[in-house]
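Trainee: Got a structure for you, questions after.
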Amino acid sequence: MIEQPRVCVQVQSIYVETQSIPDEERFVFAYTVTIRNLGRSNVQLIGRYWLITNSNGRQTEVQGEGVIGEQPLILPGNEFQYTSGAVLETPLGTMEGHYEMVDHLGQAFRTAIPVFRLAIPALIH
């Protein structure tokens, strides 16, 4: 029996006030993703899919190869971390999605990216 790869994804987001222009409906957020390989074999991230939703309900889908120009190989017990950004028209929104990955045998699988909030600090209670 082939063991299902165990990959954990955690995300932290921050509001980037210095790049935001609220009067022009431009709210910039940075997010840092940590992808941990909790399994016993290598995994490789080959693609990504994001669903970005602002507080008006407008949704944007983003997909592509790798992340930040890389398709990282993550060894057992190791992690890969990167920071990227998103620009919204509203001060509140969410992101979620999945990573397309392959295991050490070349078998494709998806790893969920849990929903996380993008919000300016004044909106967080």
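Numbering-wise (my numbering), the sequence shown opens with residue 911 and increments by one. Backbone N, C-alpha and C define an ideal beta-carbon position, used for all residues, glycine too. Owing to the predicted nature of the structure, the values given are computational and were not obtained by experimental measurement.
Would you tell me roughly how many angstroms separate the C-alpha atoms of N952 and L985, rounded to the nearest one?
Mentor: One C-alpha to the other measures close to 5 Å.
Trainee: Return the first residue and the last residue of the beta strand (DSSP E) that G967 is part of.
Mentor: Counting along the chain, G967 falls outside any beta strand (DSSP E), and DSSP gives it neither H nor E.
Trainee: Starting from N988, follow the beta strand (DSSP E) in both directions and report where the run begins and ends.
Mentor: N988 -> no beta strand (DSSP E), and no H or E assigned at all.
Trainee: Quick test of the definition: if touching needs 3 or more C-beta pairs under 8 Å, does the segment 1019 to 1033 touch the segment 919 to 931?
Mentor: With the cut-off at 8 Å, the segment 1019 to 1033 and the segment 919 to 931 touch.
Trainee: Output yes or no for whether 8 Å exceeds the beta carbon distance between Q969 and R958.
Mentor: Their beta carbons are not under 8 Å apart, which means Q969 does not touch R958 by this criterion.
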